[in-house]
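To start, the structure under review is shown below, and the notes come after it.
In the numbering used here, the protein residues as written are 20 to 238.
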């Protein structure tokens with residue numbers, strides 16, 4: 020997070036009071052510096068913003084941890100097992116799972132799944148965009164427009180790459196048309212972590228260019 024973004028998250032009056040109550044010494048400078056570079060802060064309108072998340076591999080999946088929420092990205096075979104290598108003309112599903120780690124409900128608007136950089140498959144060598152596993156979000160669904168995650172619960176969004184009997188979509192996505200099997204090569208699934216969520220009575224914006232990227236191969 021940049022200096023300009025960070026300092027805007029700190030109330031000017033609070034800083035003024037701090038200068039009056041504390042001497043300008045090295046300890047205070049260190050504390051102030053830490054405040055400037057926190058990963059989450061509150062804007063003037065009361066909306067919290069998360070600029071950085073912790074991203075790491077978890078087995079054959081990629082996982083991102085942030086305040087109160089974990090997002091996991093996996094590529095699954097037809098038996099629901101996460102893998103990074105598939106045979107040519109072997110079908111697979113792409114699954115994005117949100118895990119609620121707090122004691123309050125979390126809501127994420129399903130329009131986030133329409134984002135251009137959410138669950139996109141691209142070629143590693145040429146960067147060619149091969150599209151998404153699902154056709155659209157919600158289809159003709161009428162009702163709750165949010166992905167709702169109860170305390171301690173999870174919400175899964177999953178879709179097969181190729182339409183196949185017995186393999187269905189999960190979550191507020193649908194698949195009306197089939198993708199073609201991918202050619203032999205290396206690919207990458209990208210999920211941009213740029214969304215707004217309601218966490219209890221708080222509104223939290225996740226931004227800052229963070230993304231989950233998971234590579235897999237067609238052999």
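Even glycine gets a Cβ: it sits at the ideal position worked out from N, Cα and C.
Just to confirm the assignment, what range does the beta strand (DSSP E) spanning residue i have?
i	result
residue 94	88–95
residue 126	125–128
residue 144	Taken as a continuous stretch (DSSP letters only), residue 144 belongs to no beta strand (DSSP E), as it is neither H nor E.
residue 222	221–225
residue 76	73–77
residue 237	230–237
residue 120	Segment: none, residue 120 is in no beta strand (DSSP E) and carries neither H nor E.
residue 250	It is not possible to answer for residue 250, since the shown part of the chain is limited to 20 through 238.
residue 150	148–150
Does residue i come out as helix, strand or coil in the three-state DSSP assignment?
i	result
residue 182	coil
residue 206	strand
residue 167	strand
residue 201	coil
residue 67	strand
residue 133	helix
residue 100	coil
Would you report the Cα separation of residue i and residue j, rounded to the nearest angstrom?
i	j	result
residue 287	residue 196	This structure cannot speak to residue 287, because the chain is shown only from 20 to 238.
residue 232	residue 129	20 Å
residue 307	residue 200	The structure shown does not extend to residue 307, since the chain spans only 20 to 238, so no value can be given for it.
residue 220	residue 67	11 Å
residue 155	residue 122	31 Å
residue 135	residue 103	23 Å
In the DSSP output, what is residue i paired with across the bridge?
i	result
residue 115	92, 176
residue 83	74, 90
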